[in-house]
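Top to bottom, those sequences are chains A and B.
First residue of the first sequence? That's 0 in numbering that gives the first Met the number 0, and the numbers climb one at a time after it.
First residue of the second sequence? That's 0 in numbering that gives the first Met the number 0, and the numbers climb one at a time after it.
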Amino acid sequence: MLKTHEMELNMGPQHPSTHGVLRLILYLDGETIVDCKPVIGYLHRGTEKLCETRNYYQNVPYTDRTDYLAAPNGNLGYCETVEKLGSYEVSERAQFVRTAVCELSRIASHLIWLGTHAMDIGAQTMLMWTIREREVILDFFEAALGDRLTTTAFRPGGLRRDLPDGWAKAVLGFCATFPDRVDEYELLLSNNRIWMDRTVGVGVISAEEAIDMALSGPLLRGSGVAYDIRKAMPYAAYDKVDFEIAVSNDCDSYGRYALRLREMRESVKIVEQCLHNLPDGPITGKVPKLLKIEAGKEVYHQIEAPRGELGYYMVADGSNKPYKCKIRAPSFVNLAAITQMVKGLLIADVVTVIGSIDIVLGDVDR
Amino acid sequence: MADEKPQNESNESQAEVGESVAPEPNPLVTALLEQFPSDVQHEGEDTAGLPLVRTDVDNVINVLTWLRDNELTKFNYLASLTVTDWTERSPRFDVIYHLYSIAVNHFLTLKVGCEDGEGVPSATDVWGTANWHEREAYDLYGVEFLGHPELERIFLPEDWEGFPLRKDYPLEGPNLELLTRQQAAFRGGRFDRIRGDYEMTEQERQLSSTGIVGSLWTPETETPEPEQSEKPDETPEPEQSEKPDETPES
């Protein structure tokens with residue numbers, strides 16, 4: 000008789016398909032996963048503690064470095080929280096620019112996700128294609144925000160500087176061609192036999208479980224829950240643009256793949272609307288040079304980052320620094336569900352599930 | 000979900016009216032106060048106009064379960080869980096639950112005060128997501144969650160001393176020797192950790208109180224402190240050996 004006993008296998012923290020320094024301890028029966036314990040914290044930098052020691056303006060660069068694949072979204076979440084906390088006015092023009100930049104960053108983030116996720120599974124061409132489009136977006140960021148990745152895009156009250164001449168036109172040109180590029184991606188993957196074998200029915204999580212684990216973003220919508228903060232609690236200029244929430248009822252990795260592609264198409268629509276309707280006017284509202292927010296004020300503000308609900312909870316104490324700045328990171332909360340998602344799968348599927356959750360370790364560990 | 004949006008908007012419009020005018024009691028809070036008349040207190044609104052309520056350690060699980068299961072509230076989504084440290088206050092910590100209802104689209108913040116070492120019942124049975132949030136809160140604040148299935152540190156190593164997000168935990172970590180002026184400027188500009196023999200200028204004192212110190216750093220031209228030069232013959236040497244150490248940092 001063949002005797003099997005549970006084996007413990009360590010995956011990571013230095014492993015190419017864990018997308019950073021994620022360590023998973025897998026408990027195996029043969030090749031089947033019985034249990035999985037994620038170990039995180041290798042990239043913990045104490046961002047929340049640092050935020051308590053710098054003033055409200057100085058904290059903006061820290062927010063780039065949490066989710067570094069979608070830095071403008073982190074900036075937006077932080078700046079809007081400060082604006083809500085101090086009841087500061089934001090200029091109309093800034094709202095539209097912010098929305099457009101954040102949607103471009105959502106596209107860029109999804110492109111990196113698509114390329115790396117496909118490469119993990121074996122479709123290496125995909126990354127070359129997605130990097131090509133992402134490069135264009137990063138060039139737009141460099142032109143408008145001064146940097147490609149760590150953008151420090153916004154300031155409480157509005158923007159740091161106005162868009163350069165011709166920027167909107169160039170972005171609209173990109174938006175006109177981008178849906179065709181998404182068609183290309185779909186051509187390569189959507190009906191690909193290997194792709195479907197590797198993703199359909201892998202990493203299943205039901206809607207009830209997803210809500211219980213407070214998943215958000217594509218992971219929650221991929222389980223059939225139409226919760227999108229851009230619609231539920233509109234911020235920036237999202238109440239002034241027309242778009243649809245992408246929802247999938249498949250609950251598996253393939254469903255989330257199809258959903259993210261649809262999201263990219265919706266994002267293009269949002270960018271186009273924002274830039275066509277871009278109002279003139281000042282780029283920043285009337286906000287004091289030194290922000291001092293009176294004690295006793297507190298607020299929780301959430302935005303829809305590419306990975307899900309990015310929340311900031313901030314408490315003011317009357318000084319120019321936040322007394323507390325909690326970052327509710329979407330990757331951190333989403334990663335907690337990996338144990339449920341990989342049980343009963345094979346080791347190779349763990350790679351699919353990690354890619355499908357779309358974590359950024361800077362966001363998980365903060 | 001779009002049907003439920005007006006409720007959220009009405010909350011926000013209450014905030015715009017201003018805090019001096021007492022806003023209409025939120026139906027959510029009214030229902031909660033009716034259910035738990037003696038155990039729940041309404042603490043007003045946050046700056047977004049969303050309700051804040053407070054309860055105590057003994058009732059927190061009852062209140063959370065009721066909020067999750069009740070037809071009116073339906074808070075099925077624990078958006079975030081965190082702790083604030085009010086060092087001088089009693090109870091010292093507030094455990095804060097940010098609750099959201101996907102079905103109804105409303106938001107509530109619940110606070111529970113707890114003393115250092117007292118412990119709060121774990122909410123892992125109410126929402127699965129509380130597991131990691133509570134581990135994080137334990138790791139960074141040292142608040143214990145009773146009945147938690149695996150209350151271990153989540154970010155920091157198991158043998159780490161202290162809880163970093165507590166207000167009495169120094170920014171650079173505990174048991175750190177005091178710094179020279181340049182080191183302090185580099186490591187976040189905490190001038191209260193500068194060596195005692197250095198006297199701050201008036202400008203530096205002002206800057207350190209506002210937290211703006213990034214531009215302050217300049218290469219040191221002063222002679223090193225007397226205790227560093229034990230041998231009077233070799234006074235220039237420590238000066239030279241110090242500089243190569245510091246240049247890579249800049």
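For each residue, glycine too, the CB sits at the ideal point set by N, CA and C.
(1) Consult DSSP for glutamine 339 of chain A and reduce its assignment to one of helix, strand or coil.
(2) Based on the DSSP secondary-structure assignment, which residues constitute the bridge partners of serine 100 of chain B?
(3) Check whether the stretch 112 to 123 of chain B and the stretch 79 to 96 of chain B touch, using three or more Cβ-Cβ pairs below 8 Å as the test.
(4) At the level of alpha carbons, what is the spacing between serine 121 of chain B and leucine 148 of chain A?
(5) Please confirm if aspartate 45 of chain B has its CB atom under 8 Å from at least one CB of chain A.
(6) Alpha carbons only, please: which of A:Arg180, A:Tyr61, A:Ala117, A:His116 is nearest the one belonging to arginine 135 of chain A?
(7) Just tell me which of A:Glu293, A:Met263, A:Tyr61, A:Leu309 has its CA closest to the CA of glutamate 185 of chain A.
(8) Roughly how many whole angstroms lie between the Cα atoms of glutamate 243 of chain A and arginine 220 of chain A?
(9) For histidine 275 of chain A, count neighbouring Cβ atoms within 10 angstroms of its own Cβ and tell me buried if that reaches 16, exposed if not.
(10) From glutamate 3 of chain B to glutamate 5 of chain A, what does the alpha carbon distance come to, in whole angstroms?
(11) So what does DSSP say about histidine 43 of chain A, is it helix, strand or coil?
(12) With a threshold of 8 Å on Cβ separation, who are the neighbours of proline 250 of chain B within its own chain once the five nearest residues in sequence on each side are excluded?
(13) Are leucine 155 of chain B and aspartate 138 of chain B touching if we call contact CB-CB under 8 Å?
(14) So, is the C-beta of alanine 78 of chain B closer than 8 Å to a C-beta in chain A?
(15) Taking asparagine 25 of chain B as the query, report the chain A residues whose CB atoms sit under 9 Å from its CB, ordered along the chain.
(16) With a threshold of 16 other CB atoms inside 10 Å of the CB of threonine 176 of chain A, please say whether the residue is buried or exposed.
(17) For glutamate 172 of chain A, which three-state DSSP category applies?
(18) Between glycine 29 of chain A and the ligand FAD, is there a pair consisting of the residue's CB and a ligand heavy atom that are separated by less than 7 Å?
(19) How would you call isoleucine 193 of chain A, buried or exposed, if buried means at least 16 neighbouring beta carbons within 10 angstroms?
(20) Per DSSP, which one or two residues make a beta bridge with arginine 152 of chain B?
(21) Give the residues of chain B in contact with serine 86 of chain A, contact being defined as C-beta atoms less than 8 Å apart.
(22) Of all Cβ atoms in chain B, is any one closer than 8 Å to the Cβ of methionine 118 of chain A?
(23) Which value, in whole angstroms, describes the spacing of the CA atoms of aspartate 280 of chain A and cysteine 78 of chain A?
(24) Note down, in chain order, every chain A residue with its Cβ under 8 Å from the Cβ of threonine 64 of chain B.
(25) With distances taken between CB atoms, is the gap from isoleucine 282 of chain A to glycine 157 of chain A smaller than 8 Å?
(26) So the candidates are A:Leu344, A:Ala347, A:Met313; which of them puts its Cα closest to the Cα of leucine 80 of chain B?
(27) In the structure shown, what three-state DSSP assignment does asparagine 9 of chain A receive?
(28) At which residues does the beta strand (DSSP E) containing leucine 40 of chain B begin and terminate?
(29) Rounded to the nearest angstrom, what separates leucine 371 of chain A and alanine 167 of chain A at their Cα positions?
(30) Could you check what DSSP says for alanine 304 of chain A in three-state terms: helix, strand or coil?
(31) Identify each residue in the stretch 26 to 42 of chain A for which the Cβ-Cβ distance to at least one residue of chain B is less than 7 Å, and report them in chain order.
(32) Please name the residue, chosen from A:Met340, A:Val100, A:Glu208, A:Thr124, that lies closest to leucine 162 of chain A on a Cα-to-Cα basis.
(33) If contact means a Cβ-Cβ distance below 9 Å, which residues of the stretch 51 to 63 of chain A contact chain B?
(34) Determine the extent of the alpha helix (DSSP H) in which arginine 22 of chain A is found, giving its start and end residues.
(35) For the candidate residues A:Val240, A:Tyr237, A:Pro233, A:Ser205, whose alpha-carbon lies nearest to that of valine 224 of chain A?
(36) Taking Cβ positions only, does glycine 354 of chain A come closer than 8 Å to chain B?
Answer, in terms of the structure:
(1) As a working note, residue 339 of chain A is residue 340 in the first sequence. DSSP places glutamine 339 of chain A in helix when its eight states are reduced to three.
(2) Here residue 100 of chain B refers to the residue found at position 101 of the second sequence. Per DSSP, B:His105.
(3) A contact exists between the stretch 112 to 123 of chain B and the stretch 79 to 96 of chain B.
(4) In the second sequence, counting from the first residue as 1, residue 121 of chain B sits at position 122. In the first sequence, counting from the first residue as 1, residue 148 of chain A sits at position 149. Rounded to whole angstroms, serine 121 of chain B to leucine 148 of chain A spans 39 Å at the Cα level.
(5) As a working note, residue 45 of chain B is residue 46 in the second sequence. Aspartate 45 of chain B counts as touching chain A.
(6) Taking the first residue of the first sequence as 1, we reach residue 135 of chain A at position 136. As written in the sequence, residue 135 of chain A is valine, which differs from the arginine given in the question. Ranking A:Arg180, A:Tyr61, A:Ala117, A:His116 by Cα distance to valine 135 of chain A puts A:Arg180 first.
(7) As a first step, residue 185 of chain A must be located in the first sequence, where it is residue number 186. Ranking the options by Cα distance to glutamate 185 of chain A, first place goes to A:Met263.
(8) Stepping through the first sequence from its first residue, residue 243 of chain A is reached at position 244. Stepping through the first sequence from its first residue, residue 220 of chain A is reached at position 221. Spanning the two alpha carbons is a distance of roughly 12 Å.
(9) Counting from one through the first sequence, the residue named residue 275 of chain A turns up at place 276. The residue in question, histidine 275 of chain A, is exposed, as its Cβ has fewer than 16 Cβ neighbours within 10 Å.
(10) By 1-based counting over the second sequence, the position of residue 3 of chain B is 4. By 1-based counting over the first sequence, the position of residue 5 of chain A is 6. Confidence in glutamate 3 of chain B is poor, its pLDDT being 43 and thus under 50, which makes the residue's placement unreliable; the coordinate value appears in the next sentence. C-alpha separation (whole angstroms): 50 Å.
(11) Taking the first sequence and counting its residues from 1, the one referred to as residue 43 of chain A is at position 44. In the structure shown, histidine 43 of chain A sits in coil (DSSP, three-state: anything other than H, G, I, E or B).
(12) Here chain B comprises residues numbered 0 to 249, so residue 250 of chain B is not present and cannot be evaluated.
(13) Stepping through the second sequence from its first residue, residue 155 of chain B is reached at position 156. Stepping through the second sequence from its first residue, residue 138 of chain B is reached at position 139. Note that the C-beta distance between leucine 155 of chain B and aspartate 138 of chain B is below 8 Å.
(14) Position 79 of the second sequence, counted from the start, is the residue given in the question as residue 78 of chain B. Residue contact check for alanine 78 of chain B against chain A: a CB pair falls below 8 Å.
(15) If you number the second sequence from 1, residue 25 of chain B lands on position 26. Against asparagine 25 of chain B, chain A offers no close residue; the least beta-carbon distance is about 16 Å (beta-carbon pairs closer than 9 Å).
(16) Taking the first sequence and counting its residues from 1, the one referred to as residue 176 of chain A is at position 177. Under this definition threonine 176 of chain A is an exposed residue.
(17) Along the first sequence, read from residue 1 onward, the residue named residue 172 of chain A stands at position 173. Note that residue 172 of chain A corresponds to glycine in the displayed sequence, not to glutamate. DSSP places glycine 172 of chain A in helix when its eight states are reduced to three.
(18) Within the structure as shown, the ligand FAD is missing, as the structure has no ligands at all.
(19) Reading the first sequence from its first residue, position 194 is the one you call residue 193 of chain A. With fewer than 16 neighbouring CB atoms inside 10 Å of its own CB, isoleucine 193 of chain A falls in the exposed class.
(20) Taking the first residue of the second sequence as 1, we reach residue 152 of chain B at position 153. According to DSSP, which records beta bridges pairwise, arginine 152 of chain B is partnered with nothing at all.
(21) Here residue 86 of chain A is taken as the residue at index 87 of the first sequence, counted from 1. Against chain B, the beta carbon of serine 86 of chain A has neighbours under 8 Å at Thr46, listed in chain order.
(22) As a position in the first sequence, residue 118 of chain A is number 119, starting the count at 1. No, methionine 118 of chain A lies away from the interface with chain B (no Cβ there is under 8 Å from its Cβ).
(23) Indexing the first sequence from 1 puts residue 280 of chain A at position 281. Indexing the first sequence from 1 puts residue 78 of chain A at position 79. Strictly speaking, residue 280 of chain A in this sequence is glycine, with aspartate absent from that position. Going from the Cα of glycine 280 of chain A to the Cα of cysteine 78 of chain A covers about 20 Å.
(24) Here residue 64 of chain B corresponds to residue number 65 of the second sequence, with the count starting at 1. Under the 8 Å cutoff, chain A gives no residues; its nearest Cβ is about 13 Å from threonine 64 of chain B.
(25) Here residue 282 of chain A corresponds to residue number 283 of the first sequence, with the count starting at 1. Here residue 157 of chain A corresponds to residue number 158 of the first sequence, with the count starting at 1. Cβ distance < 8 Å, so isoleucine 282 of chain A and glycine 157 of chain A count as in contact.
(26) The residue given as residue 80 of chain B occupies position 81 in the second sequence. For leucine 80 of chain B, the nearest C-alpha among the options comes from A:Met313.
(27) Translated into the one-based positions of the first sequence, residue 9 of chain A becomes position 10. For asparagine 9 of chain A, the three-state secondary structure derived from DSSP is strand.
(28) The residue labelled residue 40 of chain B in the question sits at position 41 within the second sequence. According to the sequence displayed, residue 40 of chain B carries glutamine and not leucine. Where glutamine 40 of chain B is concerned, the enclosing beta strand (DSSP E) stretches over 40 to 44.
(29) Given that chain A is displayed from residue 0 to residue 365, the structure contains no residue 371 of chain A and the question cannot be resolved.
(30) Residue mapping note: residue 304 of chain A aligns to position 305 of the first sequence, counting from 1. Correct three-state label for alanine 304 of chain A: strand.
(31) Per Cβ criterion, the list reads Ile39, Gly40.
(32) For the purposes of this step, residue 162 of chain A is taken as residue 163 along the first sequence, with counting starting at 1. Minimum Cα distance to leucine 162 of chain A is reached at A:Val100.
(33) Residues of the stretch 51 to 63 of chain A with a Cβ closer than 9 Å to any Cβ of chain B, in chain order: Glu51, Thr52, Arg53, Asn54, Gln57.
(34) Locating residue 22 of chain A in the first sequence gives position 23, where the first residue counts as 1. Element bounds for arginine 22 of chain A: not the alpha helix (DSSP H) but the beta strand (DSSP E), 22 to 28.
(35) Indexing the first sequence from 1 puts residue 224 of chain A at position 225. Residue A:Ser205 is the option with its Cα nearest to valine 224 of chain A.
(36) Numbered from 1 along the first sequence, position 355 holds the residue referred to as residue 354 of chain A. Answer no: the Cβ-Cβ gap between glycine 354 of chain A and chain B never drops below 8 Å.
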